[in-house]
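Colleague: Got a structure for you, questions after.
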Amino acid sequence: MKTSSPASPSKLFSHLYIEKSIFDHPKTEAIRTKFAASRVVLIDHYKEVFNRPNQSFSAQSQSKKLILAQRGGKFLHEGSQYSDGFDHQQFFYASSVMGCLYDCDYCYLQGLYPSANTVVFVNLEDAFAELLPHLHQDTLVATSYDTDTMAIESLTHQTQEWLLFAREHPRLHLEIRTKSANIKGLKHALPSERVTLAWTLSPQYIIDRYEHATPSLEKRLAAIREAISIGWKVRICIDPVIYTDTFDLIYPDLIDTIFSTVDPDSIEHLTLGSFRLSQSHLRSLKKLRRSDVAFYPYTVYNEMATYPETVESHILETLLAKATHYLPAQRIRTWQRQS
Amino acid sequence: MIYLITALDAEARPLCDRYKLKRSNALPYTLYTGENTVLLVSGMGKTNAAMAVSALLGWRLPSPGDILINMGICGAPVNYPIGDALLIHQIIDGDRHYYPDILYAHSLAETSLICVDIPQSSPQEYPVDMESAGIFQAASKFFKLHQIGFLKIVSDHCAPDTVTKEGVIRLIASHLDTLDYVSGLLTDVQTDHALFSQSEREEIDSFKSHFTKSQGDMLEDALCFARLKNSDFSLDLFPSSLPNSKRERGILLENLITRLTL
Ligand code: SF4
Chain A
124 MKTSSPASPS KLFSHLYIEK SIFDHPKTEA IRTKFAASRV VLIDHYKEVF
174 NRPNQSFSAQ SQSKKLILAQ RGGKFLHEGS QYSDGFDHQQ FFYASSVMGC
224 LYDCDYCYLQ GLYPSANTVV FVNLEDAFAE LLPHLHQDTL VATSYDTDTM
274 AIESLTHQTQ EWLLFAREHP RLHLEIRTKS ANIKGLKHAL PSERVTLAWT
324 LSPQYIIDRY EHATPSLEKR LAAIREAISI GWKVRICIDP VIYTDTFDLI
374 YPDLIDTIFS TVDPDSIEHL TLGSFRLSQS HLRSLKKLRR SDVAFYPYTV
424 YNEMATYPET VESHILETLL AKATHYLPAQ RIRTWQRQS
Chain B
269 MIYLITALDA EARPLCDRYK LKRSNALPYT LYTGENTVLL VSGMGKTNAA
319 MAVSALLGWR LPSPGDILIN MGICGAPVNY PIGDALLIHQ IIDGDRHYYP
369 DILYAHSLAE TSLICVDIPQ SSPQEYPVDM ESAGIFQAAS KFFKLHQIGF
419 LKIVSDHCAP DTVTKEGVIR LIASHLDTLD YVSGLLTDVQ TDHALFSQSE
469 REEIDSFKSH FTKSQGDMLE DALCFARLKN SDFSLDLFPS SLPNSKRERG
519 ILLENLITRL TL
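Heads up: the sequence lines are chains A and B, in that order.
What the first sequence shows, in this note's numbering, is residues 124 to 462, in sequence order.
What the second sequence shows, in this note's numbering, is residues 269 to 530, in sequence order.
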């Protein structure tokens, strides 16, 4: 049997799978209008599509679909040991989107989810209702959990909604972690002391090799400069550091590049952390056989895979030595294994 | 390998002619085989279809690059012109819904399909067939969901009595290029290629047999690391002879893993 010429990759969100119960929800309608050329498939529940057995994460990554749904269960999850809660009394992640537009080889979502598709829960108002009883004390909410919310902001406007909600609640602090270069959504909101935009930066070599579909370093840096210039609090994260044979060259160089265009005094913190992943997620990553990141000979401690101690120390010492040229040690945070 | 499934002999006939398939007696079903294609006539109904497809795929296990396409006729509401080809993105079987992944851009009409138990004389919301749910259930045990396609040709507007054997042959024959088109698109999406060739796999397994299971796993990881990092990486670093002592073999393996993961 003869085959045709190679298929052009299917455009982003060629299919919208929409739960019947929220078909007429205003957010669903707005997204449908934006993707008017996409095929609409009505479904009963997002899990019918998202949780199907025998999906191929790598094949789906070439042609992601969008699933619009209503979250019935919890939106908020308590912070995990893999991340930094910045000493707030309470620390939650909000899960209003599942799956990410970007496609990083080291992403734990590949091990967590059976699908590379993206689920957007349109009932964000229920997340706010869930959060309200906690807001009598200082509470940090990370809004980019299981996704990069800024990457999909032009579609969902969820970040803008969070910013509006935070304005009304003085004990609520937000952390919006992103690799996006699109900050249009932030320009409509009033900058707040209680909101931190945390940008993950990597050397261009690492971006090209492991952070597929993400904006270039140059574009991310331009977005950071612009966000700072309009008054937003910014944290820079060189986390996860992916160790390669060129580490000694490319990562110190990254720090020089960052601070040659971003005033060190204008950022809150610099966060440094080497790659780490729960062992079970790493196992799933290996099964996909997509990237060498999954197969490095990590050491496993307390169910967490990290670089061997000598490599991890080398990473942190090298980066700390470089970063302290620009910032005092108190403004540099590091992630280190708990031994 | 392309696995083609039809329900009826009449649907199969144009495919046999086109791909020069020969009758095979390997299974208790009507089966045709060719160079890169097998064609199974499952018989009508979901249960028959599920059983036949399971038998086929159990007999000839699919490899990572293979695909399966169900091609056949369907009844449809009047807004679906007779003779149109439809690519199916949702199969509705009562409360159960199935979703083949369509991961390629294409120019065909797409629709949901209702899989029914008996021929339908009254119009439904979507086109109807009688096998797709059974085929999907069986095929999705063996294939990833993006390796399976459903191509249906509208034969009637819920008037099954008007469908003749000659009409079916004509309809399918008129869409053989469409089938080629779909199978080309499906084939091009396949991403799950083996990291090592058959001969490399044999060499790796033979080398691993000199070590414990956990040592072998570490070596396997290091080899995957090296191949994914550099697709030109070659396996010629295995020594031709190994030390007798366990301890020395362990040291040799450690050095090898270090070299592979540098
Ligand atoms: S940006 Fe974050 S969530 Fe998205 S793929 Fe990369 S690591 Fe995963």
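Note that the Cβ used here is the ideal one computed from N, Cα and C, for glycine as well.
Since we're looking at a predicted model, the values are computed, not measured.
At a Cβ threshold of 8 angstroms, is residue 309/B touching chain A?
Modeller: No - not a single Cβ of chain A is within 8 angstroms of the one on residue 309/B.
Colleague: Fully enclosed by the region 237-282 of chain A, which beta strand (DSSP E) runs are 3 residues long or longer?
Modeller: Runs of the beta strand (DSSP E) inside the region 237-282 of chain A: 241-244, 262-265.
Colleague: Between the alpha carbons of residue 201/A and residue 174/A, how many angstroms are there, rounded?
Modeller: Spanning the two alpha carbons is a distance of roughly 23 angstroms.
Colleague: So residue 178/A contacts chain B; which residues on that side make the cut at Cβ distance below 9 angstroms?
Modeller: By Cβ distance, chain B contributes 369, 412, 413, 414.
Colleague: For residue 356/A, name the three-state secondary structure that DSSP assigns.
Modeller: Here residue 356/A sits in strand by DSSP.
Colleague: To the nearest angstrom, how far is the alpha carbon of residue 205/A from that of residue 523/B?
Modeller: Any answer about residue 205/A is weak, because its pLDDT of 49 lies below 50 and its placement is not dependable; what the coordinates show is given next. Distance between the alpha carbons of residue 205/A and residue 523/B is about 31 angstroms.
Colleague: In angstroms with no decimal places, state the Cα-to-Cα distance between residue 216/A and residue 159/A.
Modeller: About 32 angstroms.
Colleague: Quick one: what does DSSP say residue 224/B is sitting in, helix, strand or coil?
Modeller: Here chain B covers residues 269 to 530 and nothing more, so residue 224/B does not appear.
Colleague: Under 6 angstroms Cβ to Cβ from residue 304/A, same chain only, skipping five residues before and after it: list those, please.
Modeller: Same-chain partners within the cutoff: 338, 342, 343, 346.
Colleague: The region 481-499 of chain B: which residues have C-beta closer than 9 angstroms to a C-beta of chain A, in chain order?
Modeller: Answer set for the region 481-499 of chain B: 486, 488, 489, 490, 491, 492, 493, 494, 495, 496, 497, 498.
Colleague: How do the region 326-337 of chain B and the region 371-383 of chain B stand: do at least 3 beta-carbon pairs fall below 8 angstroms, yes or no?
Modeller: No: fewer than three Cβ pairs fall under 8 angstroms.
Colleague: Taking 7 angstroms as the cut-off, is the beta-carbon of residue 226/A closer than that to any non-hydrogen atom of the ligand SF4?
Modeller: Residue 226/A: yes, Cβ under 7 angstroms from the ligand SF4.
Colleague: Report the option in 324/B, 520/B, 446/B whose CA atom is closest to the CA atom of residue 478/B.
Modeller: Taking only the C-alpha atoms, the option nearest residue 478/B is 520/B.
Colleague: Take residue 236/A as the anchor and find which of 179/A, 272/A, 386/A has the nearest alpha-carbon.
Modeller: Answer by Cα proximity: 179/A.
Colleague: Quick check on DSSP: helix, strand or coil for residue 435/A?
Modeller: Helix, per DSSP.
Colleague: When burial is assigned at 16 or more other CB atoms within 10 Å of the CB, is residue 406/A buried or exposed?
Modeller: It counts as exposed.
Colleague: In whole angstroms, what separates the C-alpha of residue 279/A from that of residue 370/B?
Modeller: The straight-line gap from Cα to Cα measures roughly 24 angstroms.
Colleague: Taking 8 angstroms as the cut-off, does the region 220-232 of chain A touch the region 262-273 of chain A (at least 3 CB pairs, one atom from each stretch)?
Modeller: Cβ pair count under 8 angstroms is three or more, so yes.
Colleague: I want to verify the contact list: residues of chain D whose CB lies under 8 angstroms from the CB of residue 138/A, in sequence order.
Modeller: Of the protein chains in this structure, namely A and B, none is chain D.
Colleague: Quick check on the DSSP output: the alpha helix (DSSP H) that includes residue 399/A runs from which residue to which?
Modeller: Looking at the DSSP string, residue 399/A is not in any alpha helix (DSSP H); the run it does join, the beta strand (DSSP E), is 399-401.
Colleague: Answer yes or no: the CB of residue 334/A versus the heavy atoms of the ligand SF4, is any distance below 7 angstroms?
Modeller: The answer is yes for residue 334/A.
Colleague: Which complete alpha helix (DSSP H) runs does the region 349-422 of chain B hold, if anything under 4 residues is left out?
Modeller: Counting whole runs of 4 or more residues, the region 349-422 of chain B contains the alpha helix (DSSP H) stretches 400-407.
Colleague: What residues of chain A sit near residue 378/B, judged by a beta carbon separation below 8 angstroms?
Modeller: Neighbours of residue 378/B on chain A, chain order: 162.
Colleague: Cα separation between residue 386/B and residue 407/B?
Modeller: Roughly 22 angstroms between the two C-alpha positions.
Colleague: Using C-beta distances below 8 angstroms, list every residue in its chain close to residue 349/A, excluding the 5 sequence neighbours before and after it, in chain order.
Modeller: Around residue 349/A: 306.
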